[in-house]
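Take a look at the structure set out below.
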Amino acid sequence: MNESHMNGSAAAGAELEMLRRRNAELEGELVERRRVETALRASEARFRAIVEGQTELICRFRPDGTLTFVNEVYCRFFDKTPEELVGHRFTPLIPEEDQRLLEKQFATVGPENPILHTEHRVLCPDGSVRWLRWTNRAPVGDEGLHAEFQSIGVDVTERRRAEDEVRRLNRELEQLVRELSTPLMPVADQVIAMPLVGFLDAARAAAALETLLQGVTTYNARTVVVDITGVGVFDAPVADAMIRLAKAVKLLGAQAVLTGIQPRIAQSLIEQGVGLGDLVTLQTLKEGIAFALRREHRGSRAPAREWAAR
1 MNESHMNGSA AAGAELEMLR RRNAELEGEL VERRRVETAL RASEARFRAI
51 VEGQTELICR FRPDGTLTFV NEVYCRFFDK TPEELVGHRF TPLIPEEDQR
101 LLEKQFATVG PENPILHTEH RVLCPDGSVR WLRWTNRAPV GDEGLHAEFQ
151 SIGVDVTERR RAEDEVRRLN RELEQLVREL STPLMPVADQ VIAMPLVGFL
201 DAARAAAALE TLLQGVTTYN ARTVVVDITG VGVFDAPVAD AMIRLAKAVK
251 LLGAQAVLTG IQPRIAQSLI EQGVGLGDLV TLQTLKEGIA FALRREHRGS
301 RAPAREWAAR
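Here it is, written out as structure tokens:
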């Protein structure tokens with residue numbers, strides 16, 4: 001009995017010691033878990049402070065557009081609380097036309113293309129429309145699929161307005177350059193003149209033709225004087241453009257007169273075998289205007305070559 005009792009006591013003592021060691025291990029694990037949880041909460045707090053301290057709009061959303069997180073800047077921008085945004089789709093904040101474009105853009109995101117830059121309009125609470133540029137990232141999971149997007153957005157409205165203003169000014173400048181490169185001057189009743197200076201290429205010749213045709217209509221012109229004294233190069237393509245110009249204004253009932261062909265240009269045209277057809281040519285702009293004034297004074301529609309000979 002004594003031996004059995006001793007064996008039982010020894011077994012109980014060993015079990016108690018094992019329980020003590022296990023309890024100590026559990027207490028150690030509990031302390032470690034609490035330490036990890038405390039560190040995790042601190043890390044989350046630091047992360048949230050960083051996110052909330054940004055000037056950019058930050059959000060996360062599922063592939064269907066349902067928001068899962070928005071920072072304070074995002075809420076302020078749209079004048080909404082987190083509760084009004086999280087759990088709801090962001091698409092009502094975007095014009096329908098831009099929604100369709102975004103849908104196509106996000107369809108291109110995948111494991112090999114996880115980052116997408118987008119720029120679109122948004123509808124603001126005050127009724128205004130602004131532009132946001134987003135950098136969208138799609139973290140790839142174990143199965144190669146993205147559960148949600150992480151996006152950072154900046155307001156680029158002023159940049160877009162500046163770009164629009166630059167484009168508008170460029171258009172005005174281009175129009176001014178066209179007007180300066182193809183100046184049209186009303187000389188007298190039903191007489192207009194266009195002195196050309198500099199290099200005359202196909203684009204400028206087309207602009208000159210357009211300006212002249214508009215001038216013929218605007219001033220009800222019967223005579224159009226084109227002076228090329230200041231044109232540096234007058235080759236076959238330019239001569240062809242002048243012939244087309246003469247034919248075009250003739251269709252509107254006007255007569256084209258070309259003045260200012262220099263001797264070297266005339267010699268070059270002869271060497272190239274280029275003719276000017278029925279286009280009336282005179283030596284100087286002064287002679288061209290005098291010819292036009294005589295023509296209008298006499299009110300005749302006789303062939304221009306007869307008038308040029310008088």
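At position 230 of the sequence shown (counting the first as 1) the number is 230 in UniProt numbering, and the numbers step up by one without a gap. Positions of the beta carbon are idealized from the N, C-alpha and C atoms, including for glycine.
How about residue i and residue j: do their beta carbons lie closer than 8 Å?
i	j	result
V187	A292	yes
V280	A254	no
R231	V197	The amino acid occupying residue 231 in the given sequence is Val; Arg does not appear at that position. Against a cut-off of 8 Å, the Cβ pair of V197 and V231 comes out as a contact.
V122	I94	yes
R89	T118	no
V238	A205	yes
For residue i, name the three-state secondary structure that DSSP assigns.
i	result
R121	strand
A193	strand
S151	strand
G110	strand
R130	strand
A290	helix
P237	helix
A138	coil
L93	helix
Apart from the five residues just before and just after residue i, which ones in its own chain have a Cβ nearer than 7 Å to its Cβ?
i	result
G153	E56, L57, L132, R133, W134
E148	R60, F61, R62, T68
How should residue i be labelled, buried or exposed, when 16 other C-beta atoms within 10 angstroms of its C-beta is the threshold for buried?
i	result
G288	buried
M242	buried
T218	exposed
L251	exposed
L212	buried
L30	exposed
A221	buried
A14	exposed
I270	exposed
L85	buried
R295	buried
F77	buried
Take residue i and list the residues in its own chain whose beta-carbon comes closer than 6 Å to its own, dropping the five residues that flank it on each side.
i	result
I115	R137
D227	P195, T259, G260, L285
A246	A256, L279
Q150	R60, R137
V73	L57
Q99	T91
N113	none
A193	M185, V187, V225
Might you give, ordered along the chain, the residues of its own chain that have their beta carbon closer than 8 Å to the beta carbon of residue i, omitting 5 neighbours on each side?
i	result
L101	H120
Q | Ordered list of beta strand (DSSP E) runs contained in the segment 50-91, each at least 3 residues | A | 57-61, 67-70
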